[in-house]
Every structure is written in C-alpha cells, then in structure tokens.
Amino acid sequence: MSYFTLNDSRDTATITDKTLLWRMLPYNWTGPDENHPPYSFSSYPLTPYFQDNQVKFLTPNTQYKVFMTYTILLDSQSQITCNAVQVGGDMWILDSPVYNDPTRDFVGREIPCTAGEATYTTYKFGRQQGTPIQTTLSYKIDNYGDGPMTNGIQQIDNVYFICVGVNTWVQRFDLSSDDLTTWAANANSYNDYLLGQSLSGTGDYSLLSSPFTDEQTVLGDASGVDIPDGSITVNNRQYSQVDGGYICDDDLMKGLSPLPTGNDNGAKIPVLTYHEFSDTVDTQYDLDINKFRDDMEWLHNNGWYTLTETEAINILTTGAAVPDNAVLITLDDFYPSWIGEGDSNLNAIQIMEDNGINAILFITTDNVDDAAWTVLRNLDHNQFALGAHNVKHIADNSLSYGDLQDQINTSKSTIESQGQTSVRSYAYPTGSRNSESLLALRKAGFSMAFNFGFEPANTAGLVIMEPATRLTESSTDGTLARFNFNRKEIHPQNAYNLPYELTSDDTVSYKKPQNS
3 MSYFTLNDSR
13 DTATITDKTL
23 LWRMLPYNWT
33 GPDENHPPYS
43 FSSYPLTPYF
53 QDNQVKFLTP
63 NTQYKVFMTY
73 TILLDSQSQI
83 TCNAVQVGGD
93 MWILDSPVYN
103 DPTRDFVGRE
113 IPCTAGEATY
123 TTYKFGRQQG
133 TPIQTTLSYK
143 IDNYGDGPMT
153 NGIQQIDNVY
163 FICVGVNTWV
173 QRFDLSSDDL
183 TTWAANANSY
193 NDYLLGQSLS
203 GTGDYSLLSS
213 PFTDEQTVLG
223 DASGVDIPDG
233 SITVNNRQYS
243 QVDGGYICDD
253 DLMKGLSPLP
263 TGNDNGAKIP
273 VLTYHEFSDT
283 VDTQYDLDIN
293 KFRDDMEWLH
303 NNGWYTLTET
313 EAINILTTGA
323 AVPDNAVLIT
333 LDDFYPSWIG
343 EGDSNLNAIQ
353 IMEDNGINAI
363 LFITTDNVDD
373 AAWTVLRNLD
383 HNQFALGAHN
393 VKHIADNSLS
403 YGDLQDQINT
413 SKSTIESQGQ
423 TSVRSYAYPT
433 GSRNSESLLA
443 LRKAGFSMAF
453 NFGFEPANTA
463 GLVIMEPATR
473 LTESSTDGTL
483 ARFNFNRKEI
493 HPQNAYNLPY
503 ELTSDDTVSY
513 KKPQNS
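Rendered as structure tokens:
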C-alpha cells in the first residue's frame, strides 16, 4: 500500500492516501551518515505529530517539498523496511501501513500536553474527568503491557484517546476531512457517538460483549441478526449495537466461538524459555548445553512438575488445579541443537526425554528442513507439543494486517501438516505484539500465547521489551488476556540462578554476578 509517491528528482512527495504525520524529537539526534545501513525503527526518536488539539494527517493529492529521505528497518529478521521522508522541519512521513494507523504501536513515544488540559479516567464509555494536566511538557504514551493489552492510542470515530499514565487519557481529534469537527469531545456512550452509518458487511457475525478489545468476549453466534441503522468506529472497525451485545463487520470479528472460561483460580506459575544451545556460550541466546542438562536434571531431582501443553492451557485459561511445584518449559525458534542435527552432543530434546521433562516447542517454520520435520513429527506430542512462532520470526507488531494474519495462519497450518499434530499455542517473536496480534490469534483458533513481558520506556522515549521476572498469571474470563501470558527468558546472564527464576514474582531482572 502506497501512501505517497516521489517525483523523479525526489524533491516532491505527493500524498496518495491518508498519511499520518510524524515528528522527529530532538534528543540531540543528528541523523545517520548518508551511506548508513537501515537503522531500526526504534533508533529514530519519532512520535505521531500532535498539533494543538488534533492528530495531524496529510490528505490525498497534496504535495510537499522533500528535504531528505531515509530507509528505516522495521524488522531485522525479515529486513522489512519503509521509506521515511522529511517534508519540513521536524515533520516526517512513513510509507508503511503499520505506521499510518495511530492505534497500532506507539507505546513509549511522546505527546505534548498543556497545563490545565482535561484528562479522562478511560477511553471507553462511562469515562469521568480526572486531575487536569499539571505541567506543560511532553508525556510518554503509555500502555498496559499485561492482561488484554490496551495500546497507548485508542480511536472512537474521529476522537483519539492517548494514554499518558495509569487511568489517565487525553483527547486529540482527526480533523483531516471538512466534515469532521471536535463535536464528539463529550460523547460518552454508544448513542452519543452514533453517526448513522450502517454496517455494510454480510456473513457470520459474532455477538461480542463490547467494542473495546481489552474487555471484549465472544458471547455466541449473531449471523441471523437484523443489522440496525447506525454504527461507531473503534480502532478502524465498525460496530453496531444489537440485542445482547455488538456486531462488527471486520473478518477478524466474525465466525468466532466463545473462548473457554472457568473459575478464577488465582494461579501463578513460572514459564521458562530457552533458545539455542552450544558447547560454549557465544551469544545472548546460546546456552551451554551442559548448563541446560544441569537445569533439567535439577528440575527432575528437586520435585518440580513440568506441565504438558494441555495441563498449562487448562490451568491458565479454565481454572484447573495447579500441581505442586508446577513449571512450564518452552523452547523458541528451532535450532539444530534441539535434535542433535550436525552434532550429536547438542541434543536438548534428548536431555529432556532422559529427565522426563515436558515442554512446548515453539517453531519458526522457515527454520526447519525436511530432516528436522521428520524428527519433530515422530516426537511424543503429549510430552513435546509443537507451537507456532510465525513463519520467518518477524516481529508481529511490524506487520500489516494481512501479513500478520498470513504469518500466524501459515505457521499454524504448516506445523499441523508437517508435524501431524494440532497447534494450540503461540509465542510472539522477540515478544513483540499489539492488539491486532491478539485478535488474529483468537480468529485462528489458538488457545493461548506468550510474550516476554513489558518494561517501561527508557529515557530516549523508546520502548524496551525485556525478559520479565514475573510469574505467569491465569486468565479465565474469556478475554484476549490469554493471548498475552508472560514468560521468563533463560539466557547466559540469568541461567545460573534457576531457583530464583522459578519463584521470583517481581519486575527487576536478575543479573548474573560477575565471575560466577
């Protein structure tokens, strides 16, 4: 999808689709050298351009002088890039569908706020005003990294709500069309926003409890419902209110079955993640195979119960009882060292078999050759469940809607075909995810998914996704929270204190002591 074109001399940009304007924050950033390789998107201190009371969009058929262009790397694994074009001062435009929707992934970036500006306790219906902004400055765009995961910018019709703190939201407006005004500033219910458009889609509607995905559950089938007049748009999806709930004409919201529920058992379990193994510790992820053997033997000899995938799903999503000393072991990506391919001394699965360890193996399907599929296919899939880790190990939050669904659905179908087993669990590559990821997993029929926790933004205004040290908490209410379970990544820095990783429930990552 193209948002703008450049003329032959590359000095003029013509907007071809509604395009979000970005601001380059100062931070003493002078830009890369002219012949630089593409830098990661997070290396650029960009934030959506908030001008007065609006989110600034550029409209089609307008032209802007081009001052410079860069190529920005959106995902290092797949080398997905986009063009970044400076169109004046600190103003930039990006040619990517992900970064032209303000609701997608802008946690940790900034919004200027004015002293005395109104704040709201929520972006949803029934909101109340909170304490006004105290100081004129730029505030970090915040989000909830756990639970159902609310992205830091939410949209209802032409109103954008931006989270600048816990239960603290400010408003900005989309005024890019002549007929859009700030009329909805005080709208606070479905009927307040209702503009009169009716859903245009047809098909197998699902009855939803809410148009807000962080609290939304699937109530049942609504395929025969009469479509009422009127709708609202929430995060670019149209919803209409019907008896008992809401319907939505987006395919991700159709043909859904209610997720299993249960009594809240308050369960908290450690979920550990390993990656690659080697004879020596070489990188951030390579763990000495002998240390892994020590870990698995220690679990076996000290009474730890390693859960199967089925047991973990039942505990975390339906409230099943938790065995004493329960732990879930997971492996990510797939490497030859899992199966002794090329070096029989590097065989993590054999080590787990020798110690009676159960695990979920999260597979990046492009990593697996025919010989490896044969090994994975012949495993005991009760002991070693196969989960999905997308096709190419691309960060899910860097993908367009279509590409995201393709990565998720293709990885699932490939593993089920090649591994001859059902796929019920998913792990986000690098932990990167957003609300769209959770919705796509629900649509694809997954039972649960795992991240790597969430850490606050650093002083440069960027987001750091770090291995968390919290235990994994159950979600039994049928919401999307089951697609955002936390895990603890085990790597050379923290692998030498396994008892701590199994029991700690704080937010301070353990660092391996020097010389230990």
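Per my numbering, the sequence shown runs over residues 3 to 518.
Here a beta-carbon is modelled for each residue, glycine too, at the ideal position from N, C-alpha and C.
Keep in mind that this is a model prediction, so the values were computed, not measured.
Requested in this report: Throw me the rounded Cβ distance for the Thr310 and Ala387 pair, which I believe falls under 8 Å.
Outcome: 7 Å
Report task. With DSSP collapsed to three states, give me the class of Glu119. Result -> coil
Report task. Report buried or exposed for Asn453, applying the criterion of at least 16 other Cβ atoms within 10 angstroms of its Cβ. Result -> buried
Report task. Report buried or exposed for Asn460, applying the criterion of at least 16 other Cβ atoms within 10 angstroms of its Cβ. Result -> Note that Asn460 scores a pLDDT of 40, beneath 50, so its modelled location is shaky and nothing firm can be said.
Report task. Reducing DSSP to helix, strand and coil, say where Pro213 ends up. Result -> coil
Report task. From the DSSP output, in three-state form, read off Asp334 for me. Result -> strand
Requested in this report: Quick one: give me the first and last residue of the alpha helix (DSSP H) that Asn440 is part of.
Outcome: For the sequence presented, residue 440 should be read as Leu rather than Asn. Where Leu440 is concerned, the enclosing alpha helix (DSSP H) stretches over 437-446.
Query raised in the report: Just the Cα atoms here: how many angstroms apart are Asp252 and Gln56?
Result: 26 Å
Requested in this report: Assign Gly358 to one of two classes, buried (16 or more other C-beta atoms within 10 Å of its C-beta) or exposed (fewer than that).
Outcome: exposed
Query - 8 Å CB neighbourhood of Ile143 in its chain, flanking five on each side removed - result: Thr49, Phe108, Val109, Gly110, Arg111, Glu112, Ile113, Gly154, Ile155, Ile164, Cys165, Val166
Query raised in the report: Taking 6 Å as the cut-off, is the CB of Tyr192 close to at least one heavy atom of the ligand PLP?
Result: This structure lacks the ligand PLP, and indeed carries no ligand of any kind.
Requested in this report: Tell whether a beta-carbon distance below 7 Å holds between Asn237 and Gln173.
Outcome: no
Query raised in the report: Which residues does DSSP pair with Thr520 in a beta bridge?
Result: Absent from the structure is residue 520, since the part of the chain shown begins at 3 and ends at 518.
Requested in this report: Could you say which of Leu482, Asn436, Ala189, Lys256 lies nearest to Thr204 if we only look at CA atoms?
Outcome: Lys256
Query raised in the report: Excluding five sequence neighbours on each side, which residues of the same chain lie with their C-beta closer than 6 Å to the C-beta of Arg25?
Result: Thr49, Tyr51, Asp92
Query raised in the report: Cα separation between Tyr502 and Gly305?
Result: 16 Å
Query raised in the report: Can the beta-carbon of His391 be found closer than 7 Å to that of Ala361?
Result: no
Report task. Verify whether the separation of the beta carbon atoms of Tyr287 and Leu333 is less than 7 Å. Result -> no
Query raised in the report: Val273: buried (16+ other C-beta within 10 angstroms of its C-beta) or exposed?
Result: buried
Requested in this report: Taking only the alpha-carbon atoms, compute the straight-line gap between Ser415 and Pro104 and give it to the nearest angstrom.
Outcome: 31 Å
Query raised in the report: For Trp375, does the three-state DSSP call read helix, strand or coil?
Result: helix
**Report entry** Bridge-paired residues (DSSP) for Phe163
**Finding:** Gln156, Gln173
Report task. State the DSSP-derived secondary structure class of Leu274, mapped to helix, strand or coil. Result -> strand
**Report entry** Uninterrupted beta strand (DSSP E) stretches inside the segment 225-290 (no shorter than 3 residues)
**Finding:** 234-236, 239-244, 247-250, 273-276
**Report entry** Coil, strand or helix - Glu468 by DSSP
**Finding:** Any reading at Glu468 is ruled out, since the residue's pLDDT is 41, under 50, leaving its predicted position unreliable.
**Report entry** Limits of the alpha helix (DSSP H) - the one that Pro501 falls within
**Finding:** 500-505
**Report entry** Residues of its chain near Gly342, where Cβ-Cβ distance is below 7 Å and the 5 sequence neighbours each way are ignored
**Finding:** Leu348, Asn349, Gln352
Report task. Measuring alpha carbon to alpha carbon, tell me which of Tyr141, Ala323, Ile74, Thr219 ends up nearest Asp266. Result -> Ala323
Query raised in the report: Under the three-state reduction of DSSP, which class applies to Tyr403: helix, strand or coil?
Result: helix
Requested in this report: Report all residues from its chain with a CB closer than 8 Å to the CB of Gly198; omit the five preceding and five following residues, and keep chain order.
Outcome: Asp231, Gly232
**Report entry** Inter-stretch contact at 8 Å, needing at least 3 Cβ pairs: the segment 479-489 / the segment 206-223
**Finding:** yes
**Report entry** Alpha-carbon to alpha-carbon, Thr121 and Thr133
**Finding:** 6 Å
**Report entry** Bridge partners - Tyr141, DSSP secondary structure assignment
**Finding:** Ile113
Query raised in the report: Between Ser413 and Leu261, what straight-line distance do the alpha-carbon atoms span, to the nearest angstrom?
Result: 21 Å
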